[in-house]
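Just so we're aligned, residue 5 is where the sequence shown starts under the numbering used here, counting upward by one.
Below is one structure; the comments refer to it alone.
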Amino acid sequence: MPVSDYLVTIGLEVHCQIKTETKMFCSCKAGFGYEPNTNVCPTCLGMPGALPVLNEYAIERTILTGMMLGCSTPPVTKWDRKNYFYADMPKNYQTSQLDLPLCIGGEVPLYSWAFPPDSGVKSDEPVVRRVRLDHIHLEEDAAKLTHFGNYSLVDYNRGGTPLMEIVSTPDLTSPDETYAYLKSLQQILICGGISDADMEKGQMRCDVNVSLRPKGQKELGAKIEMKNINSMSAARRALIYEIARQADELDRGIAQVQSTRRWDDELGESIVMRTKENAHDYRYHPCPDLVPVHTAPLVEKVRGELPELPDARRERLMASYGLPVADANTLVADAALCAYFEAAAAASKSPRKIANWVINNLSAALAEKGIGIEDCPLASAGLAGLVGIIEDGLVSNNQAREVLDVLWQKPGMAAEEAAASLGYRKTDTGALDGVIRGVIAENDELVAAVKGGNMKLLNALTGKVMKASNPKPNPKLVTEMIMKQLGL
Numbered sequence: 005m006p007v008s009d010y011l012v013t014i015g016l017e018v019h020c021q022i023k024t025e026t027k028m029f030c031s032c033k034a035g036f037g038y039e040p041n042t043n044v045c046p047t048c049l050g051m052p053g054a055l056p057v058l059n060e061y062a063i064e065r066t067i068l069t070g071m072m073l074g075c076s077t078p079p080v081t082k083w084d085r086k087n088y089f090y091a092d093m094p095k096n097y098q099t100s101q102l103d104l105p106l107c108i109g110g111e112v113p114l115y116s117w118a119f120p121p122d123s124g125v126k127s128d129e130p131v132v133r134r135v136r137l138d139h140i141h142l143e144e145d146a147a148k149l150t151h152f153g154n155y156s157l158v159d160y161n162r163g164g165t166p167l168m169e170i171v172s173t174p175d176l177t178s179p180d181e182t183y184a185y186l187k188s189l190q191q192i193l194i195c196g197g198i199s200d201a202d203m204e205k206g207q208m209r210c211d212v213n214v215s216l217r218p219k220g221q222k223e224l225g226a227k228i229e230m231k232n233i234n235s236m237s238a239a240r241r242a243l244i245y246e247i248a249r250q251a252d253e254l255d256r257g258i259a260q261v262q263s264t265r266r267w268d269d270e271l272g273e274s275i276v277m278r279t280k281e282n283a284h285d286y287r288y289h290p291c292p293d294l295v296p297v298h299t300a301p302l303v304e305k306v307r308g309e310l311p312e313l314p315d316a317r318r319e320r321l322m323a324s325y326g327l328p329v330a331d332a333n334t335l336v337a338d339a340a341l342c343a344y345f346e347a348a349a350a351a352s353k354s355p356r357k358i359a360n361w362v363i364n365n366l367s368a369a370l371a372e373k374g375i376g377i378e379d380c381p382l383a384s385a386g387l388a389g390l391v392g393i394i395e396d397g398l399v400s401n402n403q404a405r406e407v408l409d410v411l412w413q414k415p416g417m418a419a420e421e422a423a424a425s426l427g428y429r430k431t432d433t434g435a436l437d438g439v440i441r442g443v444i445a446e447n448d449e450l451v452a453a454v455k456g457g458n459m460k461l462l463n464a465l466t467g468k469v470m471k472a473s474n475p476k477p478n479p480k481l482v483t484e485m486i487m488k489q490l491g492l
């Protein structure tokens, strides 16, 4: 049977590092980029007798995440020990949550702008549909293992970092929906200041569960879990492969067995790691070193911190700045880019032009340099100044791109000064009028052709005026003045 004859069921387990100063159960620094094994202590290394202390701020951030996603928080929560033996967990157990997680239920909206560009999803409606959550629990992260040919290195800096696990119900039905789920969730977490959710830095990771069953069959197929997925695009590629693999094997009469597979993005295939693993294999039991937590005071504490979510931000951008849907979608899809736009728009009288420059010119420059908006050398006020000199007629859009290159190298320079360094100064229209008259007098045939209706040759006249002018005028102004003199 073709893949289209099977029903695809997908569930996700998203692990997200919470942005905190310290680890979940000790006072060691939490963060990315430190020298290996420098932010460690007896507690996060699992030394005998070292006792954990709860990170209250991490609990609050998890509750806030639940509020943003419409979850409920039970009156009491507790922590459990998940027992397993591996080098990334020196205690031989992970402190996690089993039956009393911090957040229950809820949903993740699939925003239209979060779908892959080639998915065909239209962006008219802000939310395509919503995916139900099972729960969100709070645990400690494992250490980071780096594997080489015949040995591995372990960095315990990451071990003990506060980690949320956001578990969906099996509501997703396609690789494109999975991509949109991850993108939507990422932006919600960033909006709330919960996490930077950078998948390349391991701040957000996901395990994908997928099963196939023939259409008409109610019982779900065997669940296949896929690990080592490090980006949204990788999740999409992994699912496309895995769905095709399962469909092919089912067509050949090979029954699927519950298993865990490792995705190899370079090879573009998944490899079996282990089979038939269930929760009871981990021998969960309540952590004797941590008391249950009554959540009501924490819920009230964070209730006033609910941020503006992406769908509300999209509507505000269109209403407040007059942005078209496509521009609002692009900005909402990147919280940092949106913040930059709003800062620039606040210093400008032309927010739509600011949006156009942020989305097109500035984003292209960032992509060319391989950096994000956070590392952009041009401040938002600098971009507002650049758009300002376009609006004042000092430079054209094309000339402004040259000015942008100067500002990129000298970000502290004013836009007018950068334009002047390229020879673009405020035009003396009287002097320019004389230059235009001279060009018209010297180009009878060209002028006759333009007057005869060949408007394409108007650009040739503009070019001659530009060449004869010093300082360089705005080409748009030159064209307008030529047309006026020719009576067009």
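Glycine residues also receive a C-beta, built at the ideal position from the N, C-alpha and C atoms.
None of these values were measured; they are calculated from a predicted model.
Check: V469 vs I440 beta-carbon contact at 7 angstroms; Outcome: yes
Check: Buried or exposed (CB count within 10 angstroms, at least 16 for buried), Y88; Outcome: exposed
Check: Rounded Cβ spacing between P94 and I140 (contact assumed at less than 8 angstroms); Outcome: Contact doesn't hold; Cβ gap of about 26 angstroms is too wide.
Check: Test item: CB-CB of A351 and A383 under 7 angstroms; Outcome: no
Check: Inter-stretch contact at 8 angstroms, needing at least 3 Cβ pairs: the segment 66-82 / the segment 303-320; Outcome: yes
Check: Through-space distance from S215 to D92, alpha-carbon basis; Outcome: 29 angstroms
Check: Local conformation of S76 per DSSP, three classes; Outcome: strand
Check: C-alpha distance - S123 paired with S116, whole-angstrom precision; Outcome: 10 angstroms
Check: Pick from N161, A54, G15 that is closest to V112, judged by C-alpha positions; Outcome: G15
Check: Closest Cα partner of D268 within the set Q262, Q260, V261, M277; Outcome: M277
Check: Buried versus exposed call for M459 [16 or more other C-beta atoms within 10 Å across all chains shown]; Outcome: exposed
Check: Continuous beta strand (DSSP E) assignments of at least 3 residues falling wholly in the segment 157-230; Outcome: 166-172, 208-218
Check: Residue closest to P301, alpha-carbon to alpha-carbon, out of Y61, A339, G196; Outcome: Y61
Check: Simplified DSSP assignment, three categories, for Q98; Outcome: strand
Check: Contacting residues, own chain, Cβ-Cβ under 7 angstroms from P40 (five flanking each side not counted); Outcome: D159, N161
Check: Coil, strand or helix - K488 by DSSP; Outcome: helix
Check: Expected contact under 8 angstroms - CB spacing of I486 and L462 to nearest Å; Outcome: 7 angstroms
Check: Neighbour-count burial assignment, L68, 16 or more Cβ in a 10 Å radius; Outcome: buried
Check: A350 CB to nearest heavy atom of the ligand COA below 6 angstroms; Outcome: Absence of the ligand COA is noted for the structure shown, with no ligands found whatsoever.
Check: Secondary structure of K414, DSSP reduced to three states; Outcome: coil
Check: F29 vs P56 beta-carbon contact at 7 angstroms; Outcome: yes
Check: Contacts around T466, its chain only, beta-carbon distance under 8 angstroms, and the 5 residues preceding and following it disregarded; Outcome: P479, V482, T483, I486
Check: Span separating the alpha-carbon of I358 from that of E169; Outcome: 38 angstroms
Check: 7 angstroms Cβ cutoff met for L114 and A184; Outcome: yes
Check: Cα-Cα separation between Y97 and A337, rounded to whole angstroms; Outcome: 38 angstroms
Check: Secondary structure of R320, DSSP reduced to three states; Outcome: helix
Check: Distance between L193 and A347 (C-alpha atoms, nearest Å); Outcome: 21 angstroms
Check: A332 versus A368: straight-line alpha-carbon distance, rounded; Outcome: 18 angstroms
Check: For K227 and Q493, the rounded distance between their alpha carbons; Outcome: This structure leaves residue 493 out entirely; the chain is present only between 5 and 492.
Check: Candidates L426, A147, Y10, of which the one nearest S178 by Cα; Outcome: Y10
Check: Nearest neighbour of V303, chosen from N447, P6, T81 [CA to CA]; Outcome: T81
Check: Contacts around C32, its chain only, beta-carbon distance under 7 angstroms, and the 5 residues preceding and following it disregarded; Outcome: T26, N43, V44, C45, C48, G164
Check: Own chain residues within Cβ distance below 7 angstroms of N401, not counting five before or after; Outcome: I394
Check: Separation of Y90 from D285, as counted between CA atoms; Outcome: 14 angstroms
Check: Nearest to K187 (by Cα), restricted to the options A146, L408, G392, F119; Outcome: F119
Check: Close beta carbons around Y325, own chain, < 8 angstroms, minus the five adjacent residues each side; Outcome: A349, P355, R356, A359
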